[in-house]
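Trainee: If you scroll down you'll find the structure; I have some questions about it.
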Amino acid sequence: MQRFNLYQEEYHPSPLINIWLEFRRSHIALAGFVLLVVFLVITLLAPLIAPFDPYLQNTNAILLPPAWEPNGTVAHLLGTDSLGRDIFSRLVYGCRTTFGSSLLIVAISVFIGVGLGALAGVLSGLRSSVVNHLLDSIMSIPTLLIAIVMVAILGTGLGNAMMAITLALIPQFVHQTRTFVRNELQKDYVLLDRLDGASSVRIFIHSILPGMVELIVVQATIALSIAIIDISALGFLNLAAQDPLIELGLSLSQGLEVAYVAPWLIILPGLCIFLMVLSVNVVGEGLRSALRTRLHH
Amino acid sequence: MALLDIKNLTLYIDTGSTTVKALEKVNLQLNEGEIRALVGESGSGKSLAVRCIIGAIPDYWSIKADRITYQGQDLLNMSYEQRRQIMRREIAVVFQEPTSSLDPSVTVGEQLEESIPPEFIDKGWFWQQNRQRKKIAISLIHRVGIKEHEQYLNAYPHEIPKDISQKLMIAMALASEPKILIADDSTRGMESTTKSQILRLLDKLNKTKNLAILFVSHDLLAITSVAHTMTVLYCGQTVESGKVKSLLRRPLHPYTKALLDSAPSFQLSLPTKSPLATLKGTIPTLQHLPAGCRLGPRCPNARKECVQTPVPRAIQEHTYSCHFPLHVPEGIAKRAPRVSKGLGAND
Amino acid sequence: MTKILEVRNIEYRHSSKRGLFGKQKTFTLGPISFDMYSGETVAVIGNNGAGKSLLAKTLVGAVQVDKGEIVLLSEQDSNTDKPTEVASDTLQTPRRKRVQDIRMILQHSADSLNPAISIGSILTQTLKLNTDLTETARREKIEETLLKVGLLHEHYYYYRHMLSDGQQQRVAMARALILDPKIIVADEPFAALDPSVRSQTVNLILKLQKELGLGFVFISHNIGIVRHISDRVLVMDKGQIIEQGITAEVFVDPQQPLTQKLIKAHFDLVEKHFAHV
């Protein structure tokens, strides 16, 4: 059987690769993506990057300003805090905690949310709509508020805060997945799948999931930025990460006491949080517009 | 003077990587009281041509034409407000899917009343104006052949059968008493009884009100029953144009012949279940338009001259753009008068 | 000619209520009976809402009939008339034979293809669910079917957005043909196609019918195409078949008023055409 490729010069990529190519066209989105990768690397390789042990207290180097100030030294690039601990190392570990826990939060809520949503989409009838409406009403409450209430019930600590935020983020995924699954089930190609003899599970994995990936990814980036803000907000309020854990929001609140003397103690963690959220949002926006242009074709 | 005169209309679309000529040197003329069919398949640019006429094109498309005039007024260089005035009163458009053109949350009667231009309502108290609107709406409904106006005026769009809603769309278009009605594929997807009702209505409107109609479609059966003249488009180029009678009797362009061959009802001698005569290949996409005559790759008569875009020539008001037209010996084809710039085929 | 399908007195009742207090509307399909022979084309015509699409769905098993049976006859046993029961299957536990033998094509080819997965995956899934072929055998079968419908090997990797209308319709046909069915049921396959693509699709179907002896049931509004390619025609109204017979006979002498109206409306337009020529 002769096999030769007639259209060698035409490259027909899959929809996912198409999205990446479209995404790449926006320079801002690409810059955001690079920044995101930087944070990811920091999260994974924190111990290798940090020059000092972040818990090491050095009474000789208290409240040293960053290296570019007249009193700073290059050894402590971004200065030290009131206990002599190196700020740069603490930032690196703080990013790891904030970003890492946010990623974990989003991963779990995607998994649970999509699973529940798929189930809700497949089941129909009164029960499913009641559950749906309940979840939708939860969605109208700000996630931070829900998280604070849950921490108040469960107690403080990073683990509890993460659980609280995860629970607060799940309804969004359930809603989106349920809507999508319901719409897809009405489609003709699903009917043809059933006529071919596919079971509901097979239809879900093979026909519905590939179409859903893009939407979930977009929703996940939004959730990621919410998670970062919430976890650092809770950290700032001393409800999440506790001493001696290092977390960006917690560092912010700890630096408040000496803010007038050493402003870099609050500027630097704040800048990190800002850059993290900015990169996630920019990447999310880039993905969304790439999806939109693809659907237009 | 022609009501609508379009000469050498070229539409440039920027597809991101290149600029394509979605329409290339399209010629179209519509006289008073004439029903002209604009025939073409998908990708022929017929809907684009309609949008160029009514001015509904996005900013990143650009038009170049020798002229686009309505009753002598230049539409191309007109200001937006002036164009809107003309569109509102003189030219009316009816689109394909009637349900998607109607607001689903408002009754049909209200929408019909909304489409009546305020100039037709006399000054008075608002209840008097409402009453007058209602009266005009009822008369419009009767004019399109719907008898039970009570039932339909208070109904919502999704409750009305398709043929009635299409007639209602025509009624709404007629509210402003236009001179031209552009019907964009109005009979698509209809069964024969509904289709012939709509076509009869269009014919009646044309005869009684001298309404000029531009009927855009690829349904040949519908076209040949109601149109006086037709223009055939293929991939943005005008391939043939003239009276329906002469195009049917002697199609000069291979594409026109292929279109006519696609309707088995037009060929009495075709045995049942025999294959239909087709052109090989498929309609090229916008990104892969052939150079010269765009039918080139698919045309059974194609020769090397066909990479040059053929110039429109006319034989007795029957215009064609082909280097090797059917039914015409080569010598005469070369001698047929060109349709030159500034001179329309019907001048 | 061998008989391949017997539809015996099928009935289906569909009731819907609008809202909590709305009136109950019932639509009854049937009782309907007709037979089909191999290599035959049966056209179903009628007004909108007559139940044509519903009939198509019962034939392929997408809708379960309440009464009656749809019986597929296997060719070798046509003497003993040993039927393969179709109607007793539920959608959840389809019997392979039924799914394989009557396949469906829908009107809008775009809707029959999942935009997120490639053509190759769609066809592979159909084969995986219904045959025991190995991976290489599956690949061969898919490529053979693609060629049969006039597509290329490369289209295995294509996605829906890369294909034109006509090509999408061909993929839908490939999906139907890949299980070597006896009957293909098509719900208005030509309505959304351009005339040139329509002619090509008609020619393809005629060719496949001649080669494979396929039975073809199609619903259409295009009376011209109906007259050209169908052997028999069923006229439906309000869920019943009000007239059926050989196409030529029905067209020359329609008995029912609805049929007469449909045919007359078509021939009026045709006459106007010939008045020009």
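Protein chains in written order, with numbering that gives the first Met the number 0: chain A, 0 to 296; chain B, 0 to 346; chain C, 0 to 276. Just so it is clear, CB atoms sit at the ideal spot from N, CA and C, and this is done for glycine as well.
#1: Got a sec, what are the start and stop residues for the alpha helix (DSSP H) residue 327 of chain B sits in?
#2: Give the DSSP bridge partners of residue 25 of chain C, in chain order.
#3: If we call anything under 8 Å between Cβ atoms a contact, is residue 241 of chain A one with residue 155 of chain A?
#4: Can you tell me whether residue 134 of chain B is buried or exposed, with buried defined as 16 or more other CB within 10 angstroms of its CB?
#5: Do residue 192 of chain C and residue 168 of chain C have their CB atoms nearer than 8 Å?
#6: What are the start and end residues of the alpha helix (DSSP H) that includes residue 259 of chain B?
#7: What would DSSP say about residue 118 of chain A, mapped onto helix, strand or coil?
#8: Going by alpha carbons, who is nearest to residue 33 of chain C out of C:252, C:68, C:265, C:275?
#9: For residue 229 of chain B, which beta-bridge partners are listed by DSSP?
#10: Does residue 20 of chain A pass the burial test, meaning 16 or more other C-beta atoms within 10 Å, or should it be called exposed?
#11: Using three-state DSSP, classify residue 80 of chain C as helix, strand or coil.
#12: Using beta-carbon positions only, say whether residue 4 of chain C and residue 54 of chain C come within less than 8 Å of one another.
#13: Is the separation between the beta-carbon of residue 191 of chain B and that of residue 272 of chain C shorter than 8 Å?
#14: For residue 216 of chain B and residue 274 of chain A, I'd like the C-alpha separation in whole angstroms.
#15: Between residue 278 of chain C and residue 196 of chain A, is the Cβ-Cβ spacing less than 8 Å?
#16: Which word fits residue 81 of chain B, buried or exposed, when buried means at least 16 other C-beta atoms lie within 10 angstroms of its C-beta?
#17: For residue 265 of chain B, return the contacting residues in chain C, with the cut-off set at a CB-CB distance below 7 Å.
#18: Using 8 Å as the cut-off, can you tell me whether the region 127 to 135 of chain A makes contact with the region 249 to 269 of chain A, which would need three or more C-beta pairs spanning the two stretches below that distance?
#19: Keeping to the same chain, check which residues put their C-beta closer than 7 Å to that of residue 116 of chain C; ignore five residues upstream and five downstream.
#20: What does the alpha-carbon distance come out to for the pair residue 166 of chain B and residue 187 of chain C?
#21: Beta-carbon separation of residue 282 of chain A and residue 31 of chain A under 8 Å?
#22: Roughly how many whole angstroms lie between the Cα atoms of residue 24 of chain C and residue 14 of chain C?
#23: Mind listing which residues of the region 45 to 59 of chain C have their C-beta closer than 9 Å to chain D's C-betas, in chain order?
#24: Do you know offhand how far residue 292 of chain A's Cα is from residue 285 of chain A's?
#25: Considering just the uninterrupted stretch of the beta strand (DSSP E) at residue 26 of chain B, what are its terminal residues?
#26: What does DSSP give as the partner residue(s) for residue 355 of chain B in the beta ladder?
#27: Cutting at 7 Å between CB atoms, please list the residues of its own chain near residue 34 of chain A, excluding the five before and the five after it.
#28: Kindly indicate which three-state DSSP category residue 66 of chain B falls into: helix, strand or coil?
#29: Hey, how far is the Cα of residue 237 of chain B from the Cα of residue 100 of chain B?
#30: Considering just the uninterrupted stretch of the alpha helix (DSSP H) at residue 143 of chain C, what are its terminal residues?
#31: Can you list, in chain order, the residues of the region 189 to 220 of chain A whose Cβ is nearer than 7 Å to any Cβ on chain C?
#32: So, are the CB atoms of residue 20 of chain B and residue 235 of chain B less than 8 Å apart?
#33: Thinking C-beta only, is residue 183 of chain B closer than 8 Å to residue 93 of chain B?
#34: What three-state label does DSSP hand residue 296 of chain B in the structure shown?
#35: Closer than 7 Å by C-beta to residue 143 of chain B: which residues in its own chain qualify, once you throw out the five before and the five after it? Chain order, please.
#36: Short of 8 Å Cβ to Cβ, which residues in the region 242 to 258 of chain B face chain C?
Mentor: For this structure:
#1: Locating residue 327 of chain B in the second sequence gives position 328, counting from the first residue. No alpha helix (DSSP H) holds residue 327 of chain B; DSSP gives it neither H nor E.
#2: On the third sequence, residue 25 of chain C is found 26 positions in, with the first residue counted as 1. The secondary-structure analysis by DSSP pairs residue 25 of chain C across a beta bridge with C:14.
#3: In the first sequence, residue 241 of chain A corresponds to position 242, counting from 1. In the first sequence, residue 155 of chain A corresponds to position 156, counting from 1. In contact: residue 241 of chain A and residue 155 of chain A (Cβ atoms closer than 8 Å).
#4: As a position in the second sequence, residue 134 of chain B is number 135, starting the count at 1. With fewer than 16 Cβ atoms within 10 Å of its Cβ, residue 134 of chain B is classed as exposed.
#5: Your numbering for residue 192 of chain C matches position 193 in the third sequence. Your numbering for residue 168 of chain C matches position 169 in the third sequence. Contact flag set, yes.
#6: The residue you call residue 259 of chain B lines up with position 260 of the second sequence. From DSSP, the alpha helix (DSSP H) with residue 259 of chain B extends over 253 to 260.
#7: In the first sequence, residue 118 of chain A corresponds to position 119, counting from 1. Note: residue 118 of chain A maps to helix in three-state DSSP.
#8: Within the third sequence, residue 33 of chain C is the residue found at index 34, counting from 1. Among C:252, C:68, C:265, C:275, the Cα nearest to that of residue 33 of chain C belongs to C:68.
#9: For the purposes of this step, residue 229 of chain B is identified with residue 230 of the second sequence, where counting begins at 1. Answer is B:36, B:241.
#10: The count along the first sequence starts at 1 and reaches residue 20 of chain A at position 21. Exposed: under 16 other Cβ atoms inside 10 Å.
#11: By 1-based counting over the third sequence, the position of residue 80 of chain C is 81. Low local confidence applies: a pLDDT of 45 at residue 80 of chain C is under 50, so the model's placement there is unreliable, with the coordinate-based value given in what follows. Looking at residue 80 of chain C - three-state DSSP - the assignment turns out to be coil, as it is neither helix nor strand.
#12: Taking the first residue of the third sequence as position 1, residue 4 of chain C is located at position 5. Taking the first residue of the third sequence as position 1, residue 54 of chain C is located at position 55. The beta carbons of residue 4 of chain C and residue 54 of chain C sit no closer together than 8 Å.
#13: For the purposes of this step, residue 191 of chain B is identified with residue 192 of the second sequence, where counting begins at 1. For the purposes of this step, residue 272 of chain C is identified with residue 273 of the third sequence, where counting begins at 1. No. Outside cutoff.
#14: On the second sequence, residue 216 of chain B is found 217 positions in, with the first residue counted as 1. On the first sequence, residue 274 of chain A is found 275 positions in, with the first residue counted as 1. In this structure, the alpha-carbon of residue 216 of chain B lies about 56 Å from that of residue 274 of chain A.
#15: The structure shown does not extend to residue 278 of chain C, since chain C spans only 0 to 276, so no value can be given for it.
#16: Start at 1 with the first residue of the second sequence, and residue 81 of chain B comes out as number 82. Residue 81 of chain B should be labelled exposed.
#17: If you number the second sequence from 1, residue 265 of chain B lands on position 266. Those are 272, listed as they occur along chain C.
#18: With the cut-off at 8 Å, the region 127 to 135 of chain A and the region 249 to 269 of chain A do not touch.
#19: Stepping through the third sequence from its first residue, residue 116 of chain C is reached at position 117. Result list for residue 116 of chain C: empty, nothing under 7 Å.
#20: For the purposes of this step, residue 166 of chain B is taken as the residue at position 167 of the second sequence. For the purposes of this step, residue 187 of chain C is taken as the residue at position 188 of the third sequence. Computed Cα separation, rounded: 24 Å.
#21: Along the first sequence, one-based indexing puts residue 282 of chain A at 283. Along the first sequence, one-based indexing puts residue 31 of chain A at 32. With contacts defined by Cβ atoms closer than 8 Å, residue 282 of chain A and residue 31 of chain A form a contacting pair.
#22: Residue mapping note: residue 24 of chain C aligns to position 25 of the third sequence, counting from 1. Residue mapping note: residue 14 of chain C aligns to position 15 of the third sequence, counting from 1. Computed Cα separation, rounded: 5 Å.
#23: Although the question refers to chain D, the structure presented lacks it and instead comprises the protein chains A, B and C.
#24: As a first step, residue 292 of chain A is located in the first sequence; it is residue number 293 there, counting from the start. As a first step, residue 285 of chain A is located in the first sequence; it is residue number 286 there, counting from the start. So the two alpha carbons sit approximately 11 Å from each other.
#25: Residue mapping note: residue 26 of chain B aligns to position 27 of the second sequence, counting from 1. 18 to 29 is the span of the beta strand (DSSP E), which, as asked, contains residue 26 of chain B.
#26: The requested residue 355 of chain B is not part of the displayed model; chain B covers only 0 to 346.
#27: Position 35 of the first sequence, counting from 1, holds the residue named residue 34 of chain A. These residues qualify, in order along the chain: 274, 278.
#28: The residue you call residue 66 of chain B lines up with position 67 of the second sequence. The answer is strand: DSSP assigns residue 66 of chain B an E or B state.
#29: On the second sequence, position 238 is the one that residue 237 of chain B refers to. On the second sequence, position 101 is the one that residue 100 of chain B refers to. Going from the Cα of residue 237 of chain B to the Cα of residue 100 of chain B covers about 29 Å.
#30: The residue given as residue 143 of chain C occupies position 144 in the third sequence. Residue 143 of chain C -> alpha helix (DSSP H) spans 134 to 147.
#31: Flagged, chain order: 190, 191, 193, 194, 195, 196, 197, 205, 206, 209, 210.
#32: Position 21 of the second sequence, counted from the first residue, corresponds to residue 20 of chain B. Position 236 of the second sequence, counted from the first residue, corresponds to residue 235 of chain B. Yes, they are a contact pair.
#33: Working through the second sequence from its first residue, we reach residue 93 of chain B at position 94. Working through the second sequence from its first residue, we reach residue 183 of chain B at position 184. Contact flag set, yes.
#34: In the second sequence, counting from the first residue as 1, residue 296 of chain B sits at position 297. Under the three-state reduction of DSSP output, residue 296 of chain B falls in the helix class.
#35: Along the second sequence, one-based indexing puts residue 143 of chain B at 144. These residues qualify, in order along the chain: 166, 169, 170, 200.
#36: Under the 8 Å Cβ criterion, the region 242 to 258 of chain B contributes 243, 244, 247, 248, 257, 258.
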